[in-house]
Amino acid sequence: VQLKRGPTKLNLIICILMGISLSRVAEWSEATAQSGKKLDFSTVNKHILESCVNVVETYTNKNQAISRIIFNEPVHWKTHLHPKNLKGFISTDQTVVSKQTADDGRPIAYFDLKNPDQFEIYARNFAALKLILNSAADTALVEAKLFLEENGNFLEKVFGEELSPKKVDIDEQALFKVVEELKNSIKDDDEQKESKKMLLKLAVDIRNLDLLILHEAEGMKNKKTNLLASDVEAEYKLIKMLIQNNYPGVPFLSIRHTGAYSLKHDNGCRAPPWRQTVGEIAYYTIMPKNQGTPISATATRSGWFINEGFDDEKGELSFEKRSEIFPNLLSLLRSANSDFNNFMESDEGRLLCYRVKGRCLNYQSRPISDTDDSGMGRSVDVGVLTTTSSDERSGGLFRAGTNRSTSRKRTDVISQLRHSAGRNLPPISAITDKKSTRPCGDQKQAKNATDTDDESTGEPSSESDTDAEEGTGSSKQEPNADLPAEYWQIGKLVKYLKGGNQTSTIISLCALRDMPLRTEVCQLAVRDVGGVDVLINLLETDEVRCKLGALKILKEISHNPALRRAISDRGGIKPMVELLRSPNRDLKCLSAEAIANVAKFPRARRTVRQNSGIKKLVALLDCPNLNSYPMTPEVERDIEVARCGALALWSCSKSARSKVAMKKAGVISLLARLLKSPHEAMLIPVVGTLEECASEQSYRVAIRTEGMIEDLVANLRSDNQELQMHCAATIFKCAADAETRDLVRYHGGLSPLVDLLSQQDNKELQAAATGAVWKCAISPENVAELQKQGIIEKLVKLLTDQPEEMKNYLYVNSVSARVKLVSRTEKVLVNVVGALGEMAADVKNVNLIKRTNGIPPLVSLLTGTNQELLVNTTRALGRIAVDPDSVPIIDRNDGIRLLWSLLKNPNPDVQANAAWALCPCIENAKDSGEMVRSFVGGLEIIVSLLHSEHVNVRAAVCGAISKIAMDEENLAVITDHGVVPLISSLSHTKNDVLRRPLADAIARCCCWGTNRSEFGKAGAVRPLVSYLKSTDPEVHCSTAKALYQLSRQPENCMEMHAAGAVDYLLEMVGSKNAELQSAAAACISNIRRLALATEKVLQERRVKAQAEYMKQLAHQRQQLEAGGKQVDEEGEEEEEE
């Protein structure tokens, strides 16, 4: 802020105490009529306040005499502290004074209690200031802020008239002039000589401290803003907390993510990928209370700005910038809303914001990665590198009252080992030189590197590694990034690993192990400085301690996907596999754990298998003393070895070829033995391995025959939710076999599975439990058992009790990777709907689903994009629609139109199930013909799907056509669309799945015009006769109906007779199926009638021909007789002549 020149009291404190710092870098709000300028709410001001608080504490600790000097006049300010809550003060009804007194016997600090609503505190020396700040604890920075704002004449109160504003100019040489005056005024015989020397020292020290604060604060202010997704998320949580507390002065109703952009990517951003390329991170909509225009904000790496807003009608966000760029969301809102700006300018608003911001974890610092297991974390402020512990971060923004002068204490391993090793190694403080604190522009900043999908979901059986697959896990760094001191310290330690002797190597390994290796910046530091190669080389040494230290470090850093690939690329898997044969149990455990972390992508799993690692890992599972009692240390170590081996096999079991190798190595019997262990830590990796292997039919049979189903069911009752989840997921895969489903019911596994459905907080466990219930419900016996426990009511409740994120997601298209909550909820919904579909096979359960209002939520799921969910939903609605009373409910919720629209879905399974679901809907709907015609282009879509390459789609469409053709108008329309030749072309199929609906469709389509004749001309009759050779009775019935309709055309009857249909039809007349009997008899009747009619016609033709022939003979005879008479007459005449 530009301050006016002049000898004002505020300028005095700016000139001397915080002369350069506050004038150049401090951020002040504009002065108002009620109050002067206030320190603004910013990161730079926060740093200045922290520095001031640290100065008071550290300076008074080192200079006790100066801290006891009584000010010329007490400093005072209106405090937010309550006198009764302070330590070091004596409270009475009328006064509150400090226990500590000055040399004159008076207290060094006291309260003014005249105004009970606003207390005012007085301090007489620096010791009093330290006492007040230490008592303030979490709100120390708030008190420092109030002190600086209200004591502009601080130096005059401290030094008296010697430093009055009249004697000090505003230029930068003012301090030196005052110091010169003080120096010249000191005489040897002066009684106040020592006091003046202390004042002189105080002035010089304040000048030096001010320069230090200036150097750090200017670096923060001049640094270009580079926000991360974590910064944006923290600011969002800050504003959300302000709004949710319903403070009267906050003029906002809500803040939420804009539109469909609430789904988080793996890198933390919520912007779509094509917008991330321009630096955008997330989008937010802030609704004001006065129903005004919502504020639509965009968060980018360079700051915040207001965009053009979200169009609710089009469902699109306009990304264009409409305002200047602000450093944070708070500044943007203050600029966009005057009411909020006025509120933040008030003392109540500023105090509220400070307190709320103090409760927002990690807002004051930019985290490089998550906190490690030991509780140690790393954080980097914007522009300044600091190191904070997790306790300090959780304490909030203003926990400056205690231990402010000391940084987080680290275990100095080198110092501890230097004496025992007898080596003069440099301490860590020497290793961390000045380079470790400066911003390094030519270095790279580590990005988040997460596992690829193939690492979490398995791999193809061919285990082919593509370049893209390998490249997704690499972590590159951005230039001009600030790296913490640990990054450089790791580089120094790796140098000692490379060039030191055995003792220094061990010490360096200990020091490196003490680093926060779970943080990503430390993991990548090990890779960047060549530490991976050194650690892998140490695995091939003869020193056990070096191997143990290297394995511990490799185990920690291998949690990072980029480091996994680095270890694999540098040949680190082979020595790990070799160490599995070591007699040292610790080496076995650490090697197996490291392999478990590394073998999470296909190429690493293949390397383990090719180096005979599977056999060695399976050998680790052999633990004969598993259930021995009492437990001895030796047995515990054997159990730990088996547990680590199971962890490694769990990772390797994602490969199909590794599963085969594991089976050949005899893993099944060993897993069956370990599954009976009472140790949960052992059971989790064992059941996880079984879960992965259960995708193979041979393993499912082995799990059933080895009696593992009973153990899996028993562990469902465990208190460990992770173990329950893996057991339920294993049952989900194994229950594909009917015998396994019966075993689950026999061992009482249905009841605990139903109990696990209520685990709303653990979506993974809920998904596994619902999946197991779904597969078990395939058996009718299990359905009856589940219904006794009210399964349908619980499943329907799961459809409706879903998080808000899932409800929003169901009605928008996904534009990014799904957040974990949505993804896990989708799995639950897929299984719940699948279970309801199996339960709906019984008509009684359909009525129960209808009574519990389960149909509307099922219909609403048709608007989603999850293909598995759509398949299960359409199947469930198709079974429910068999009940005529349920169809009106589906129609009222627009379910039939949604089913019809799914015929255009690119997934053939969705198309097939949607077409099958339409069959009972059309059959049981009132005025179904008019309803079908109301769907514009619907009949054309149905006919066009006959061109599909998928048999299931063609079969389902033929079934739908058989229902549509029940209405004559619709039959005429589809006939015009060319349904007859398309169906005729499909008649040569040998698949019974298609034969039955195809025959039904032909039977229905014969009822219009000349379709019977057209089918005969298209050559559909003779293939239909071949259907009678099928073993499926349903195919026989449908074919007999079709032949009956075709037999009403004489030419078709002749074709049937020639194809030998009569013999098959005569046999089917004796069937127990009345419908088949009737159709076969009617077809034979038509053929027989045609034969009799043909014989009669032929007989009539023969009689007529014979009569005609006799007539011709008589005529000829008459002609001959007439000719004979004429010859005789001529002869007589000749004779007469």
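The sequence shown maps to residues -23 to -1, 1 to 1114 in mature numbering (1 follows the signal peptide of the UniProt record, and there is no 0). In this text, a Cβ means the ideal position worked out from N, Cα and C, and glycines have one as well.
Thinking C-alpha only, which one of Gly748, Ser756, Pro757 and Glu758 is nearest Leu772?
By one-based count along the sequence shown, residue 772 stands at place 795. Residue Gly748 is the option with its Cα nearest to Leu772.
For this session: Take Glu1032 as the anchor and find which of Ser1062, Gly993, Asn1063 and Ala211 has the nearest alpha-carbon.
Result: The count along the sequence shown starts at 1 and reaches residue 1032 at position 1055. For Glu1032, the nearest C-alpha among the options comes from Gly993.
(request) Identify the continuous alpha helix (DSSP H) that holds Lys752 and give its terminal residues. (result) Counting from 1 along the sequence shown, the entry for residue 752 is found at position 775. Here the alpha helix (DSSP H) through Lys752 covers Lys740 to Cys753.
**Prompt:** For Pro757, does the count of other Cβ atoms within 10 angstroms reach 16, so buried, or fall short, so exposed?
**Reply:** Start at 1 with the first residue of the sequence shown, and residue 757 comes out as number 780. It counts as exposed.
key: Span separating the alpha-carbon of Glu436 from that of Ser635   = For the purposes of this step, residue 436 is taken as the residue at position 459 of the sequence shown. For the purposes of this step, residue 635 is taken as the residue at position 658 of the sequence shown. Because Glu436 sits at a pLDDT of 39, beneath the cut-off of 50, its placement in the model cannot be relied upon, and the point is left open.
Q) Would Met1087 be called buried (16 or more neighbouring beta carbons within 10 Å of its own) or exposed? A) Position 1110 of the sequence shown holds residue 1087. By the 10 Å Cβ count, Met1087 comes out exposed.
Do Ala812 and Ala754 have their beta-carbon atoms positioned less than 7 angstroms apart in this structure?
As a first step, residue 754 must be located in the sequence shown, where it is residue number 777. As a first step, residue 812 must be located in the sequence shown, where it is residue number 835. In contact: Ala754 and Ala812 (Cβ atoms closer than 7 angstroms).
Please report how far the alpha carbon of Val534 lies from the alpha carbon of Ala206, in whole angstroms. Residue numbering aside, residue 534 sits at position 557 when the sequence shown is read from its first letter. Residue numbering aside, residue 206 sits at position 229 when the sequence shown is read from its first letter. Position check: residue 534 holds Ile in this sequence, whereas Val was assumed. One C-alpha to the other measures close to 23 angstroms.
Straight-line CA distance for Val887 to Leu895? The residue you call residue 887 lines up with position 910 of the sequence shown. The residue you call residue 895 lines up with position 918 of the sequence shown. Between Val887 and Leu895, the C-alpha separation is close to 12 angstroms.
- Task: Ignore the nearest five residues each way along the sequence and tell me which others in Asp977's own chain have a CB closer than 8 angstroms to its CB.
- Result: Counting from one through the sequence shown, the residue named residue 977 turns up at place 1000. Within the same chain, Asp977 has close Cβ partners Cys935, Gly936, Ser939, Ser1015, Lys1018 and Ala1019.
message: The alpha helix (DSSP H) that contains Gly475, what's its start and end?
response: Start at 1 with the first residue of the sequence shown, and residue 475 comes out as number 498. The residue you asked about is not Gly; residue 475 is Lys in the sequence shown. Counting along the chain, the alpha helix (DSSP H) containing Lys475 begins and ends at Ala462 to Gly476.
Beta strand (DSSP E) segment containing Ala259, residue limits: By one-based count along the sequence shown, residue 259 stands at place 282. First-last of the beta strand (DSSP E) with Ala259: Glu257 to Pro265.
Take the Cβ of Asp615 as the centre, count every other Cβ of all protein chains shown within 10 Å, and call the residue buried at 16 or more, exposed below. Taking the first residue of the sequence shown as position 1, residue 615 is located at position 638. Buried: at least 16 other Cβ atoms inside 10 Å.
For Trp281, three-class secondary structure by DSSP: Mapped onto the sequence shown, residue 281 falls at position 304. Of the three classes helix, strand and coil, the one that applies to Trp281 here is strand, per DSSP.
* Taking just the CA atoms, how far does Lys653 sit from Glu613? -> Here residue 613 refers to the residue found at position 636 of the sequence shown. Here residue 653 refers to the residue found at position 676 of the sequence shown. Approximately 16 angstroms, taken between the alpha carbons.
field: Between the CA atoms of Leu540 and Leu700 - distance to the nearest angstrom
entry: Mapped onto the sequence shown, residue 700 falls at position 723. Mapped onto the sequence shown, residue 540 falls at position 563. Straight-line Cα distance between these residues: approximately 29 angstroms.
Could you check whether Phe124 and Pro228 sit closer than 7 angstroms to each other, using their CB atoms as the reference points?
As a first step, residue 228 is located in the sequence shown; it is residue number 251 there, counting from the start. As a first step, residue 124 is located in the sequence shown; it is residue number 147 there, counting from the start. No, Cβ-Cβ distance for Pro228 and Phe124 is not below 7 angstroms.
>> I'd like the list of long-range same chain contacts for Ser545, defined as Cβ closer than 7 angstroms, with 5 residues on each side in sequence excluded.
In response: Counting from 1 along the sequence shown, the entry for residue 545 is found at position 568. These residues qualify, in order along the chain: Val575, Arg580, Ala581 and Thr584.
> How is Ser695 classed by DSSP in three states: helix, strand or coil?
Replying inline: In the sequence shown, the residue the question calls residue 695 occupies position 718. Three-state DSSP puts Ser695 in coil, outside helix and strand.
Measuring only the C-alpha atoms, how far is Leu594 from Pro461? By 1-based counting over the sequence shown, the position of residue 594 is 617. By 1-based counting over the sequence shown, the position of residue 461 is 484. Roughly 39 angstroms between the two C-alpha positions.
### Message
Going by C-alpha to C-alpha distance, which of Asn1050, Gly906, Ala105 and Thr56 sits closest to Asn92?
### Response
The residue you call residue 92 lines up with position 115 of the sequence shown. When only C-alpha atoms are compared, the closest one is Thr56.
Checklist line | Whether Ile47 touches Ala79 by CB criterion (7 angstroms) | finding: Counted from its first residue, the sequence shown places residue 47 at position 70. Counted from its first residue, the sequence shown places residue 79 at position 102. Yes, Cβ-Cβ distance for Ile47 and Ala79 is below 7 angstroms.
Using the Cβ count rule (16 or more neighbours within 10 Å means buried), how would you classify Tyr723?
Within the sequence shown, numbered from 1, the residue matching residue 723 stands at position 746. Under this definition Tyr723 is an exposed residue.
Where Ile484 falls, given that 16 or more other Cβ within 10 Å makes a residue buried: Reading the sequence shown from its first residue, position 507 is the one you call residue 484. Label assigned to Ile484: buried.
Helix, strand or coil for Leu879 per DSSP?
What you label residue 879 is simply residue 902 of the sequence shown in a count that begins at 1. The answer is helix: DSSP assigns Leu879 an H, G or I state.
In the DSSP assignment, find the alpha helix (DSSP H) that holds Gln732 and state where it starts and stops.
Taking the sequence shown and counting its residues from 1, one reaches residue 732 at position 755. Position check: residue 732 holds Asp in this sequence, whereas Gln was assumed. Leu727 to Asp732 is the extent of the alpha helix (DSSP H) around Asp732.
Would DSSP call Ala86 helix, strand or coil? Locating residue 86 in the sequence shown gives position 109, where the first residue counts as 1. Strand at Ala86.
Within this structure, are the beta carbons of Lys241 and Arg233 separated by less than 7 angstroms?
Locating residue 241 in the sequence shown gives position 264, counting from the first residue. Locating residue 233 in the sequence shown gives position 256, counting from the first residue. Not closer than 7 angstroms, so no.
| message | Report the CB separation of Val506 from Ile530 in whole angstroms; it is logged as a contact under 8 angstroms. | response | Taking the first residue of the sequence shown as position 1, residue 506 is located at position 529. Taking the first residue of the sequence shown as position 1, residue 530 is located at position 553. With a Cβ gap of about 13 angstroms, Val506 and Ile530 do not count as contacting.
Next item on the list: Check the DSSP bridge columns for Leu294 and list the partner residues they point to.
Entry: Counting from 1 along the sequence shown, the entry for residue 294 is found at position 317. Paired residue(s): Phe287.
Within its chain, find whatever has a CB closer than 7 angstroms to the CB of Leu470; leave out the 5 residues flanking it on each side and keep chain order.
Here residue 470 is taken as the residue at index 493 of the sequence shown, counted from 1. Only Ser485, Ala488 and Leu489 meet the Cβ criterion.
Helix, strand or coil: how does DSSP classify Ala206 here? Numbered from 1 along the sequence shown, position 229 holds the residue referred to as residue 206. Of the three classes helix, strand and coil, the one that applies to Ala206 here is helix, per DSSP.
Checklist entry - When we look at the beta-carbon of Pro560 and count the other beta-carbons within 10 Å, is it buried (16 or more) or exposed? => result Within the sequence shown, numbered from 1, the residue matching residue 560 stands at position 583. So Pro560 ends up on the exposed side.
Exposure label - Ser112; buried when at least 16 CB within 10 Å: In the sequence shown, the residue the question calls residue 112 occupies position 135. By the 10 Å Cβ count, Ser112 comes out buried.
Buried or exposed for Trp893, please, with buried defined as at least 16 other CB atoms from any protein chain shown within 10 angstroms of its CB. Start at 1 with the first residue of the sequence shown, and residue 893 comes out as number 916. Counting Cβ neighbours within 10 Å, Trp893 comes out buried, since at least 16 surround it.
- Message: Using DSSP's beta-bridge definition, name the partner residues of Ala100.
- Response: Locating residue 100 in the sequence shown gives position 123, where the first residue counts as 1. For Ala100, which the question treats as bridged, DSSP gives the partners Val52 and Ala86.
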